[in-house]
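According to mature numbering (1 follows the signal peptide of the UniProt record, and there is no 0), the sequence shown holds residues -18 to -1, 1 to 53 in order.
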Amino acid sequence: MNPHTVVAVLVACAAALAGCQTPQTPQDKEAMAAKQCQTFRSYLPARAYVDVLESCTRQLGDAYCRQCLAQ
């Protein structure tokens, strides 16, 4: 196989994978944040609130996490 063809195929595959993992619409972003929030809430019984809040804040922001974890 031609080296240029291999590079082109690898670039196309990388672009396709990146597209699959990146939220495309505001609704997708909200759904992803809600799923992450649910995951962080599941950590609360086993971990300190402050530690979960800190991890969540790094991912989703302080205000969103405080609201999410209060539910």
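C-beta atoms are modelled at their ideal positions from N, C-alpha and C, and glycine is treated no differently.
CA-to-CA distance, Leu35 to Met14, given in whole angstroms: 17 Å
Cutoff 7 Å; reference Tyr25; Cβ partners in own chain excluding five residues on either side: Val34
I'd like to know whether the C-beta atoms of Gln18 and Gln41 end up nearer to each other than 9 Å. yes
Whether Cys50 touches Arg29 by CB criterion (9 Å): no
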